[in-house]
Each structure stands twice: as structure tokens, then as C-alpha cells.
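Asks: Read in order, the letters of the sequence shown correspond to residues 3 to 134 in this note's numbering. Once you've had a glance at the structure underneath, I'll fire off some questions.
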Amino acid sequence: ELTYGLERLAMYIQGVENVYDLDFNGAGVSYGDVFLRAEKEFSAYNFEHADTDLLFQQFAFAEQECHALLAKGLDLPAYDQCIKASHVFNLLDARSVISVTERASYIGRVRALAKGSCEAWLGVHDQAEAAE
Numbered sequence: 003e004l005t006y007g008l009e010r011l012a013m014y015i016q017g018v019e020n021v022y023d024l025d026f027n028g029a030g031v032s033y034g035d036v037f038l039r040a041e042k043e044f045s046a047y048n049f050e051h052a053d054t055d056l057l058f059q060q061f062a063f064a065e066q067e068c069h070a071l072l073a074k075g076l077d078l079p080a081y082d083q084c085i086k087a088s089h090v091f092n093l094l095d096a097r098s099v100i101s102v103t104e105r106a107s108y109i110g111r112v113r114a115l116a117k118g119s120c121e122a123w124l125g126v127h128d129q130a131e132a133a134e
């Protein structure tokens with residue numbers, strides 16, 4: 003991820019071993035002062051508290067919506083739903099509620115959404131170039 007790469011570079015430049023010790027603004031505020039609480043709260047949610055039944059519903063909705071949007075030629079909103087499905091899959095995976103077999107199936111489903119979104123986007127842009 004780009005963000006973590008930048009954080010690692012900042013750690014090297016500032017000579018710190020812990021990302022939360024990074025000088026955030028040059029005025030005594032650390033990266034930890036800004037982001038540590040969020041990291042702890044989102045980790046608790048992701049690994050302990052996320053409603054897995056609701057997450058399964060959210061995945062199904064995002065997948066269904068992506069397909070519907072692709073059918074309407076709305077490639078960018080479809081891609082947004084693909085990203086949502088991917089995020090929900092990651093939450094389900096973090097909660098360990100998906101078996102190894104199901105995991106492969108979910109990855110394939112997200113891949114199909116991404117492929118469909120990309121192909122739709124390319125199709126729109128190929129048509130635009132042909133019209134020029």
C-alpha cells in the first residue's frame with residue numbers, strides 16, 4: 003500500500019522504529035496522537051465486533067448492485083460497489099467466518115466484479131476513442 007510505504011519512508015527519514023513515534027506536524031504532535039486511537043477502535047471492530055450476518059448481507063448487496071450497474075453501463079459506480087464488496091470480504095476474512103473453500107470462492111467473486119468493471123470501463127473508453 004502506498005500509505006504504509008510512505009510511513010516507512012518517514013520512519014527512515016526521522017530515524018524512528020515505531021510508526022506512532024513519527025513527528026506528525028513539527029509542533030510536538032506524533033503520528034500516534036493522531037491515529038493510534040482510530041487504529042485500536044477499528045481493530046476492535048474489525049476483529050471482534052463487526053456483525054458478520056450483516057457483513058454477509060452487505061457483500062451480497064454490493065455484488066448484486068455491481069452487476070446491476072454494469073448492466074446499465076455505469077462502470078465507475080459499479081467499480082465502487084466492487085471495492086465495497088472487497089472491503090466487506092476482508093472484514094469477513096478478518097473475523098475468520100469464511101472457510102478456506104469459501105475464501106477462494108469469495109476472492110473469485112470479487113475478481114469477477116473487478117474484471118467486469120474494468121472491461122466496462124475499457125469498453126467505454128474504446129468507444130470514445132473510436133468516435134474521435
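Here a beta-carbon is modelled for each residue, glycine too, at the ideal position from N, C-alpha and C.
1. For V21, I'd like the list of residues in its chain whose CB is within less than 7 Å of its CB, leaving aside the five on either flank, ordered along the chain.
2. Helix, strand or coil for S107, going by three-state DSSP, please let me know.
3. Helix, strand or coil: how does DSSP classify Q23 here?
4. Could you check which residue in L115, V36, L11, D128 has the C-alpha nearest to that of Q66?
5. Please state whether DSSP places S98 in a helix, a strand or coil.
6. Tell me which same chain residues have a C-beta within less than 6 Å of the C-beta of A80, skipping the five on either side of it?
7. May I have the straight-line CA-CA distance separating V18 from E41, to the nearest angstrom?
8. Need the endpoints of the alpha helix (DSSP H) that S34 sits in, please.
9. Does the count of Cβ pairs from the stretch 102–112 and the stretch 74–92 closer than 8 Å reach three?
10. Given a cut-off of 8 Å on the beta-carbon distance, is the pair L57 and L94 in contact?
11. When burial is assigned at 16 or more other CB atoms within 10 Å of the CB, is Q60 buried or exposed?
12. Measure the C-alpha to C-alpha separation of A64 and A132 and round it to an integer number of angstroms.
Replies: Looking at the coordinates:
1. Position 19 of the sequence shown, counted from the start, is the residue given in the question as residue 21. Setting aside the 5 residues that flank it on each side, V21 is surrounded in the same chain by E9, M13, Y33, each with a C-beta closer than 7 Å to its C-beta; the list follows chain order.
2. As a first step, residue 107 is located in the sequence shown; it is residue number 105 there, counting from the start. Here S107 carries a helix assignment [DSSP, helix/strand/coil].
3. For the purposes of this step, residue 23 is taken as residue 21 along the sequence shown, with counting starting at 1. Checking the sequence shown, residue 23 turns out to be Asp, not Gln. Helix.
4. Position 64 of the sequence shown, counting from 1, holds the residue named residue 66. Checked all of L115, V36, L11, D128; the closest Cα to Q66 is L115.
5. Residue numbering aside, residue 98 sits at position 96 when the sequence shown is read from its first letter. S98 falls in the coil class under three-state DSSP.
6. In the sequence shown, residue 80 corresponds to position 78, counting from 1. Here the set comprises C68, L71, L72, S119.
7. Here residue 18 refers to the residue found at position 16 when the sequence shown is read from its first residue. Here residue 41 refers to the residue found at position 39 when the sequence shown is read from its first residue. Going by the C-alpha atoms only, they are around 19 Å apart.
8. Along the sequence shown, one-based indexing puts residue 34 at 32. Position check: residue 34 holds Gly in this sequence, whereas Ser was assumed. Segment 33–46, the alpha helix (DSSP H) holding G34.
9. yes
10. Your numbering for residue 57 matches position 55 in the sequence shown. Your numbering for residue 94 matches position 92 in the sequence shown. Contact flag set, yes.
11. Residue 60 sits at position 58 when you count from the first residue of the sequence shown. It counts as buried.
12. Here the question's residue 64 lines up with position 62 in the sequence shown. Here the question's residue 132 lines up with position 130 in the sequence shown. Cα to Cα, A64 sits roughly 32 Å from A132.
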